[in-house]
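Chains as they are written, first to last, in the numbering used here: chain A, 1 to 314; chain B, 1001 to 1314; chain C, 2001 to 2314.
Below is one structure, written out as structure tokens; the observations come after it.
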Amino acid sequence: MTTGYFFPHRHILGIDHLSVDDIHHILSTAESFKEISSRPIKKVPTLRGNTIINLFFEPSTRTRLSFEVAAKRMSADTFNISASTSSATKGETLIDTARNIAAMNPDTIIIRHSFSGAPHMLTRYVDAAIINAGDGMHEHPSQGLLDMLTVLEHKGRLDGLKIAIIGDILHSRVAHSDILGFTKMGSDVFVYGPSTLIPRALDRLGARVCSTLAEAVADADVVMTLRIQKERQNDPLLPSFREYARRFGVTRDVVALAKDDALVMHPGPINRGIELMPDVADSGRSVILDQVTNGVAVRMALLYLVMGNAPVTG
Amino acid sequence: MTTGYFFPHRHILGIDHLSVDDIHHILSTAESFKEISSRPIKKVPTLRGNTIINLFFEPSTRTRLSFEVAAKRMSADTFNISASTSSATKGETLIDTARNIAAMNPDTIIIRHSFSGAPHMLTRYVDAAIINAGDGMHEHPSQGLLDMLTVLEHKGRLDGLKIAIIGDILHSRVAHSDILGFTKMGSDVFVYGPSTLIPRALDRLGARVCSTLAEAVADADVVMTLRIQKERQNDPLLPSFREYARRFGVTRDVVALAKDDALVMHPGPINRGIELMPDVADSGRSVILDQVTNGVAVRMALLYLVMGNAPVTG
Amino acid sequence: MTTGYFFPHRHILGIDHLSVDDIHHILSTAESFKEISSRPIKKVPTLRGNTIINLFFEPSTRTRLSFEVAAKRMSADTFNISASTSSATKGETLIDTARNIAAMNPDTIIIRHSFSGAPHMLTRYVDAAIINAGDGMHEHPSQGLLDMLTVLEHKGRLDGLKIAIIGDILHSRVAHSDILGFTKMGSDVFVYGPSTLIPRALDRLGARVCSTLAEAVADADVVMTLRIQKERQNDPLLPSFREYARRFGVTRDVVALAKDDALVMHPGPINRGIELMPDVADSGRSVILDQVTNGVAVRMALLYLVMGNAPVTG
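Listed below in structure tokens is the structure:
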């Protein structure tokens, strides 16, 4: 950490807005919080009296739970609002919903929304800190950060690593945040997937589009598979699941092309036998559950850091 | 406050049951709690160890959230039960559901139900304090109280004010509680809406039914618009939305008929462009977000006051 | 309690695994916790900093609420995951779901699942304590324990009592846990119901299958009725509701065959007028609401006891 570094962000909207120093600071803060979750009393008073609202317009178990666990371990009060029960169904606009919630004086609003840019828009209308928990096909910054923390813990560094990302890059906010984050930290990101699902502008982000799975994975330090969205089964852009598994599924043979100590990662939930084979998911190479554990720590860090930039009230 | 005044209610079933002194006391208690929500640590230990259950048989985000925020800021433990997940779907009667919940020793049950009188009925079967969070077309007392608090804060008084309420009065428990409350406190309430949606007995409540929008709004201190229920779109009692907006929608021109410093209010969520025009909702006249902020304070006061009348256990 | 007794279980999977000493210990622990729920401040710091997750793959209000109330009264942090919002709908396997949740370091996972044996399976994959809140047609141990606590409180003993259980035994995990528990504690269990819904192997559990309702209920100390599952209305194994009420419904006349001080019990929610007549449910004989109250105490005891066997973390 640079001496005199001060975390400058009031909101966490995307990896795109974070500097290398910011990312280092978030990861080291997360690392220091991680130990709390292994104590018998998993609770520190840091955010006591804080009001943290999970505002989820898309269904989610893991991410919502991870943020809620993180918040309660910091002693914050948490509130869950899901789209199906929200007045969104009564025709209220997102901005009205957010301003109404903001009028109850929350400290932080964690938002997931199908529109890219929704979290950013909210920052113009509410005083609370906004954390993006996934917006459309745009970003999912806490996932990108937990992925970086997991690699950092296992490899001791992020620069100079080869990260292979396999799957539907086009629709994946996880891929987007990971590509931004790992390249920023000095890793080389190689991507491969169905050609219809690889956006053209990917090179501009610093990722290298590969023409074969072998090219992407060869000598990789990390093999990261993306989840295929089953609800998009009839999408003409997508091959059948059987075809997908055959051409893009990460098998033991695929992993064998990577480095001997390569990590296997997946943002979850896994479609076993489609994008990732069960024996690989459960192998010693897999750090998928470490990703989940680190998710709580990263989110504790984010909640803590944005609160440090709360306006002085009183 | 009258010297020696003692808040006499174990339950909050409706504005109808509250005296002028009761309302003054609730509003001044709410006012004193309001500051808690603007602290960095938004929490007082007042209701620590209290069990407060939100029992909602109709979908709600705002009211449920507002009560939950209020309860947690008083350090109570809160529990949410919504109709879709409740054993109501298993054919259990409301009374059985309530008695079962009551057997878990809650201190307060906050109930929303589509049947008018449901909260009152519960008081005969359970020991917990009952707070009505909206019962059918009957009352929504905490909304009436937060509306009064908002007007009181901005006008410094409630007596002698002209309050115009525009919309579907017939189906609105908000309108009912507001008419009862504001007339009780000495305001003059004028109502206007589609003639099929104005109950005949309204005069008996002390409200004056107007025959034109201009008559209702002229020189008003408050212009309160009711939400049109979109789910009732095909109700023959209701004009089309376009027609509704033209004849009953509150525009800048309508507000211009009111006093220069008139307040614009709405219980939310707003149907922008139907009952309330966006430029009015977002104007300096609008105190709609103050209503939301005051909602938390009023509900903190109600939870606190009913607990003061809890039976002594030992 | 035997001197030197030590509660040996890390998980609560079924009554089947509990010894007579274990059951005595759970019931006396529950008895000692019961008083907490009648205090004005219903909260002890015993499980502060504990993370307790309700993982419900079947809809439930009462059992989920009862566990949540129990956990919060012990100062634990609770998290609710219900099937409809879980990534089970995204095709994730139960094991993956559980391992992911476990990676967030919960202390206890309370699981309800439609597959018999699901809780047992989880113990092989996660470090958290597992409490079975109902698995398929297998067991519902906390219900069995609260039933025993209720009888013990009213009768002062469990051995030598005649317990009549009436209804659909075949599909009832409640009946299964009750039969195992009461026979283990020395009661004589008599069962009666539609012949298609009485499993043949029942005798092996120690229960006596009766051929008439009168035989089951005659001189009974407890008349326990099972809930008929309305969603199984068109099941060919089941008579019509009218027919069911006539032949298996517990009426005042049926209860008159039992002992004068016989208790009437039901796991809830009641189908009034089908398996249990309203006048019986609301009579002085009914201890149905005591069952609910005892449910909270039993669950506090279970959460406390499994935590006593948590692995030492450093």
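Positions of the beta carbon are idealized from the N, C-alpha and C atoms, including for glycine.
None of these values were measured; they are calculated from a predicted model.
Excluding its 5 nearest sequence neighbours in each direction, His2120/C has C-beta neighbours in its own chain below 7 Å: Leu2013, listed in chain order. Contact with chain B is absent for Leu2238/C, since none of that chain's Cβ atoms lies less than 8 Å from the residue's Cβ. Counting C-beta pairs with one atom in each stretch, the region 2100-2112 of chain C and the region 2131-2148 of chain C have three or more that are closer than 8 Å, which means they touch. Beta-carbon to beta-carbon, Ile2166/C and Leu2213/C are separated by about 7 Å, close enough to satisfy the 8 Å threshold. Nearest neighbour of Tyr1244/B by Cα position, chosen from Asp1253/B, Leu1257/B, Gln1229/B, turns out to be Gln1229/B.
Here Leu263/A is bridged, per DSSP, to Val222/A. With fewer than 16 other Cβ atoms inside 10 Å of its own Cβ, Pro1278/B counts as exposed. Listed along the chain, the chain C residues whose CB falls inside 9 Å of the CB of Gly1308/B amount to none; the nearest CB is some 12 Å away. Within the region 1231-1300 of chain B, the beta strand (DSSP E) runs of at least 3 residues that lie entirely inside it are, in chain order, 1263-1265.
By the rule that beta-carbons nearer than 8 Å mark a contact, Gly2049/C does not touch chain B.
Spatial neighbours of His1266/B in its own chain (CB-CB distance under 6 Å, excluding positions within 5 residues in sequence) are listed in chain order as Thr1225, Leu1276, Ile1288.
With a threshold of 8 Å between beta carbons, Gly2136/C makes no contact with chain B. Only residues of its own chain outside the window of five on either side were considered, and among them Ser2116, Leu2170, His2171, Ser2172, Arg2173, His2176 have a CB closer than 8 Å to the CB of Met2137/C, listed in chain order. Put simply, the CB of Ser2038/C is near chain B, with a gap under 8 Å to one of its CB atoms. In terms of Cα proximity to Ala98/A, the closest of Arg73/A, Tyr125/A, Ser75/A is Tyr125/A. Judged by beta-carbon spacing, Leu263/A lies beyond the 8 Å limit of Val191/A, meaning their Cβ atoms are not closer than that value. Relative to Lys184/A, the option among Glu215/A, His24/A, Ala103/A whose CA is nearest is His24/A. Where Thr2078/C is concerned, the enclosing beta strand (DSSP E) starts and stops at 2077-2082.
Per DSSP, the continuous alpha helix (DSSP H) segment holding Thr1063/B begins and ends at 1062-1073. Residue range 51-56 is occupied by the beta strand (DSSP E) that includes Leu55/A, with no alpha helix (DSSP H) assigned at that position. Exclusion of the five residues before and after Leu2122/C leaves Ala2098, Ile2130 as the residues of its chain whose Cβ lies within less than 6 Å of its Cβ. Out of Gly1273/B, Leu1018/B, Gly1004/B, the CA that lies nearest to the CA of His1140/B is found in Leu1018/B. Burial is judged here by how many other beta carbons sit within 10 angstroms of a residue's own beta carbon; Asp96/A has at least 16 and is buried.
Membership of Ile101/A in any beta strand (DSSP E) is not indicated; the residue belongs instead to the alpha helix (DSSP H) covering 94-102.
Taking all protein chains in view, the Cβ of Asn2309/C is surrounded by fewer than 16 other Cβ atoms within 10 Å, so the residue is classified as exposed. With a contact defined as Cβ atoms closer than 8 Å, Asn2054/C and Asn2080/C qualify at about 5 Å. Contacts between Val1298/B and chain A, judged by CB atoms closer than 8 Å, are missing: the closest CB pair is about 12 Å apart. Sorting Lys72/A, Phe57/A, Phe67/A, Glu58/A by C-alpha distance to the C-alpha of Ile41/A places Lys72/A at the top. Taking a 10 Å sphere around the C-beta of Gly1186/B, we find fewer than 16 other C-beta atoms and assign the residue as exposed.
Sorting Pro1045/B, Ala1301/B, Leu1202/B, Arg1247/B by C-alpha distance to the C-alpha of Ala1076/B places Pro1045/B at the top.
Looking at Leu1237/B, Arg1272/B, Ser1240/B, the one whose alpha-carbon comes closest to that of Thr1251/B is Arg1272/B. Taking 8 Å as the upper bound for CB-CB distance, Ser2142/C and Val2298/C are in contact here, some 6 Å apart. His1120/B: member of the alpha helix (DSSP H) spanning 1118-1123, first to last residue. Against chain B, the beta carbon of Asp127/A has no neighbour under 9 Å; the closest one sits roughly 11 Å away.
Of all residues in the region 99-128 of chain A, those with a C-beta nearer than 9 Å to a C-beta of chain B are Arg99, Asn100, Ile101, Ala102, Ala103, Met104, Asn105, Pro106, Asp107, reading in chain order. Neighbours of Thr2251/C in chain A, taken as residues whose beta carbon is under 8 Å from its own, are absent, since the nearest beta carbon is some 41 Å off.
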